[in-house]
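Asks: Sending over a structure as structure tokens; questions will come in a sec.
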Amino acid sequence: MSINETMATLAVTGDGWGPWRETGPWHDGGGPPAFWPIFPLLWFLVIAAIITAIVVFGSNRAAEGPRRAGEARLAERYAAGEIDENEYRARRDVLRQKPGRTKDA
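All letters in the sequence shown, in the order written, are residues 0 to 104 by numbering that gives the first Met the number 0.
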């Protein structure tokens, strides 16, 4: 039997072979379930939450880097005896202030 005869036989008999068969889950006229858009939206929200968390926590860590380096250098100078305790505390307080704020405010 040749391939043409096989295909003709399948077409005539209509055995429902393949994804176009009439006995599939959506061939009863109902279509896909109504809740199907929930899953793509759920994945979108999960991915957006992960990206947001990385951006928020990453920017905080990047902003603290120079301040921590300054405090470490200040602690080294205090430990070496280059500055006294009052100067150490005053400079540390200046380093710990939020950007854009002054001590008087």
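Think of the CB as a built atom: it goes at the ideal place given N, C-alpha and C, for glycine as much as any other residue.
(1) Going by beta-carbon coordinates alone, are leucine 94 and glutamate 70 separated by less than 8 Å?
(2) Alpha carbon to alpha carbon, how far is isoleucine 37 from isoleucine 49? Give it in angstroms, no decimals.
(3) Here's the rule I'm using: 16 or more other beta-carbon atoms within 10 Å means buried, otherwise exposed. How should leucine 73 be labelled?
(4) Could you pull the start and end residues of the alpha helix (DSSP H) that glutamate 81 belongs to?
(5) Tell me the rounded alpha-carbon separation between isoleucine 161 and alanine 52.
(6) What did DSSP end up calling proline 39 once you bin it into helix, strand or coil?
Replies: This is what the structure holds:
(1) For the purposes of this step, residue 94 is taken as the residue at position 95 of the sequence shown. For the purposes of this step, residue 70 is taken as the residue at position 71 of the sequence shown. In contact: leucine 94 and glutamate 70 (Cβ atoms closer than 8 Å).
(2) Taking the sequence shown and counting its residues from 1, one reaches residue 49 at position 50. Taking the sequence shown and counting its residues from 1, one reaches residue 37 at position 38. Their Cα atoms are separated by approximately 18 Å.
(3) Locating residue 73 in the sequence shown gives position 74, where the first residue counts as 1. Buried.
(4) Position 82 of the sequence shown, counted from the start, is the residue given in the question as residue 81. From DSSP, glutamate 81 is part of no alpha helix (DSSP H); its letter is neither H nor E.
(5) A query on residue 161 cannot be resolved here, the shown segment of the chain reaching from 0 to 104 and no further.
(6) To locate residue 39, count along the sequence shown from 1; it is residue 40. If DSSP states are grouped into helix, strand and coil, proline 39 belongs with the helices.
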